[in-house]
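Everything on this sheet refers to the single structure shown next.
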Amino acid sequence: MAAIQAVVLASSWCLTGIVRRYTIKQGILDVPNERSSHLVVTPRGGGMAIVVVFLGGVFLMTLYGTITRALGITLGGGGLVVAAIGWLDDKRGLTPQLRAFFHLVAAAWALYWLGGFPGIDLGFTCLRFNGIGTVLAVVGTVWMINLYNFMDGIDGIAGTEAIIVAVTAGVLLVVGGNLSLALLCWALASAVGGFLIWNWPPAKIFMGDVASGFLGFVLATLAIASENSGELSIIIWLVLLGVFVVDATVTLLIRVLQGERWYEAHRTHVYQLAVQAGYSHKQVTLAVLGLNLCLAVVAGIAWLWPQWLLAVGIVALLMLVTLHVQLRSRFTGMMTTKARAVQGETLGQLAASEEKNGLMGHTTGKDDSIEF
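Numbering (the working numbering), first residue to last: 7 to 378.
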């Protein structure tokens, strides 16, 4: 099993290098602008390697009966749609409406083949839905596709999140007796790992929309599949994905309440504010890694004591919301202080320049009067 994961990782690493050369040649580049968190022109679309390697694994696992045909069709069909739209967006840019339409199609496709979303395991009981459960799951899948895209804004952060979440979920699934879903999780982690070698700060290539949305779709699909199978509650998935879910959701709510165009690109996520406040991409990504490891432990505790599953999930997410608010305030304050310091330095330089020019002008005037 370890050898298979190593092959997946190596394949992803090699293919990312090939994609990098192609994107540079084709001019598929991310050029820094006022909304960017990077300063150097960098090729994008490297996540294509993740898509190809993972879906190749899905095909083989479906062919040999390791996973069900329905799950293979879910991941293959929906994943290809999301990845294709992302790749086109990377190359030429698409309207938000067009992206949203195809994301909705992919989510509906997934829920159809997964058999809907009948309910949620709360640990001490199961909350059953009627048809509304499937509708909520479709909306949730679309949101997961987009929030993962929103959170892929600095080097290494999206890959790090995916690996920790997938590895942890895989461990809990295999202990719970669902080897097929566990293998899918680990295959995803290995595929992302090969790419992350290239994307680790300072990144040599960006993931691009081709894979950020794809990762959101795959993780949402695995979460729903494991919930429907009774092996791993979606609450545990929400805990594992807590950093991304909270940052993206709270930031969206703030932008909506402030009357901003929430669907437009911006730099107001907490992880982006941290970079603007002066922290490096590596520091922020390592901080997210640390939080994810803590959440992995919390998820394990919730899994071991299912009677406390809902309580642990609520407490964990509330703590993340509190941390989000505190960090947002702190980083905003640091940015203000930094801006004032830069402004003061600029004004000082202007004053010194004007004083120098004034003295030169005064001297010149005196000489002119003598000559006159």
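Where is the CB? At the ideal position from N, CA and C, for every residue including glycine. If you're wondering where the values come from, they're calculated on a predicted model, not measured in any experiment.
*Short check: CB of T140 to CB of F156, under 8 Å?*
no
*Identify, in the order they occur along the chain, each residue of the same chain with its Cβ nearer than 8 Å to the Cβ of L142, setting aside the five sequence neighbours on each side.*
F123, F135
*Which residues in the same chain as S17 place their Cβ atom closer than 6 Å to its Cβ, once the five residues preceding and following it in sequence are excluded?*
V59
_Straight-line Cα distance separating T166 from L202_ = 8 Å
*A302 beta carbon less than 8 Å from that of L246*: yes
*asked:* If I follow the unbroken alpha helix (DSSP H) through G200, where does it start and stop?
replied: 185 to 205
*When burial is assigned at 16 or more other CB atoms within 10 Å of the CB, is R105 buried or exposed?*
buried
*Which residues does DSSP pair with C132 in a beta bridge?*
D127
*asked:* DSSP three-state label for T72, please.
replied: coil
*Give the single residue among I151, I230, Y269, L94 whose Cα lies nearest to the Cα of L221.*
I151
*In the structure shown, what three-state DSSP assignment does D36 receive?*
strand
*What residue from F250, T338, G129, L228 has the CA that sits closest to V173's CA?*
L228
*Kindly indicate which three-state DSSP category P208 falls into: helix, strand or coil?*
coil
_T328 (DSSP reduced to helix, strand or coil)_ = helix
_Contact under 8 Å by Cβ, R346 with L279_ = no
*For the alpha helix (DSSP H) containing M150, list its first residue and its last residue.*
138 to 157
*Please list, in chain order, all residues of the same chain as L187 whose beta carbon is under 6 Å from its beta carbon, the five residues on each side excluded.*
L179, S232
*Kindly indicate which residue of Q332, T328, A305 has the alpha-carbon position closest to the one of G129.*
A305
_Buried or exposed, going by whether 16 or more other CB atoms sit within 10 Å of the CB of V25?_
buried
_Let's test the definition: count the other Cβ atoms within 10 Å of the Cβ of N205 and tell me whether it reaches 16, buried, or not, exposed._
buried
_Please report the straight-line C-alpha distance between A195 and N184, rounded to a whole angstrom._
17 Å
*Which whole-angstrom value describes the C-beta separation of L315 and I241, a residue pair presumed to lie in contact below a C-beta threshold of 8 Å?*
6 Å
*Would you kindly report the start and end of the unbroken alpha helix (DSSP H) that includes N271?*
According to the sequence displayed, residue 271 carries Ala and not Asn. Unbroken run through A271: none, as it is neither H nor E.
*Can you check DSSP and say which residues form a bridge with P49?*
L35
*Using DSSP with H/G/I as helix, E/B as strand and the rest coil, what is W119?*
helix
*Kindly indicate the opening and closing residues of the alpha helix (DSSP H) around Q264.*
Per DSSP, Q264 belongs to no alpha helix (DSSP H) and is neither H nor E.
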